[in-house]
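**Q**
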Amino acid sequence: VPSPRGRGGVCCWRERARMEECLKRADEVDAKILRLHETVGEINTLLAETPQGADGGGEALAEYQAAMLEKLRALRISMDEEGAQNAAIKSERDSAVSSLATSEEKLAKQQFRIVHLLRAIEAGVGGGGSG
């Protein structure tokens, strides 16, 4: 594969770097979402293990439920924010992938033209030199 030169090559490498950064950010967001889901699982486990007295838990249970509800609300807000960021990153990544494909296609066309122009020049110099 010939090394990219000139403007077309630089653009191609910049797009590739941009795409890789987008993919890295998307992976980070996915990891955060996975951790949030694990936290929800832990909360559900804690809720299932919460002891209830003969009176149904009373005031202590009500306080525990209020605290847990607050944690769940904070978790929901965090997940909503992460989801919005994830959608934006995926959109940006898709745009970068599309742009990269276009740039690579243009680069391939330019390289094809250069090869044929060089052959034509070599044929002209070789054939026209004995005139």
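So for the sequence shown, my numbering puts the first residue at 8; every next one is plus one.
We treat Cβ as the ideally placed atom computed from N, Cα and C, and that holds for glycine.
Can you check the segment 110-136 for any alpha helix (DSSP H) of at least 4 residues that lies completely inside it and give the ranges in chain order?
**A** Runs of the alpha helix (DSSP H) inside the segment 110-136: none found.
**Q** Are I50 and L79 touching if we call contact CB-CB under 9 Å?
**A** Yes. Within cutoff.
**Q** Hey, S106 and R32: beta-carbon distance below 9 Å or not?
**A** Cβ distance not < 9 Å, so S106 and R32 don't count as in contact.
**Q** Just to confirm my understanding: we take L43, look at its own chain, exclude 5 residues before and 5 after, and list those with CB closer than 8 Å. What are they?
**A** Excluding positions up to five away in sequence, the list reads L82, S85, M86 and E89.
**Q** From this set, E66, T52 and V104, which residue's C-alpha is nearest L30's C-alpha?
**A** Per the Cα distances, V104.
**Q** Short of 7 Å in beta carbon distance, which residues of its chain neighbour K97, apart from the five on each side in sequence? Order them along the chain.
**A** Counting only Cβ-Cβ distances below 7 Å, and skipping sequence neighbours, we find A33.
**Q** What do you get for V122, buried or exposed, if any count of 16 or more other CB atoms within 10 angstroms of its CB means buried?
**A** Classification of V122: exposed, given that the 10 Å Cβ count is below 16.
**Q** Please work out which residues of its chain come closer than 6 Å, Cβ to Cβ, to K39, disregarding the five sequence neighbours upstream and downstream, and give them in chain order.
**A** Excluding positions up to five away in sequence, the list reads E89.
**Q** For E99, which residues of its own chain have a beta-carbon under 6 Å away from its beta-carbon, when the five flanking residues on both sides are left out?
**A** Counting only Cβ-Cβ distances below 6 Å, and skipping sequence neighbours, we find C29.
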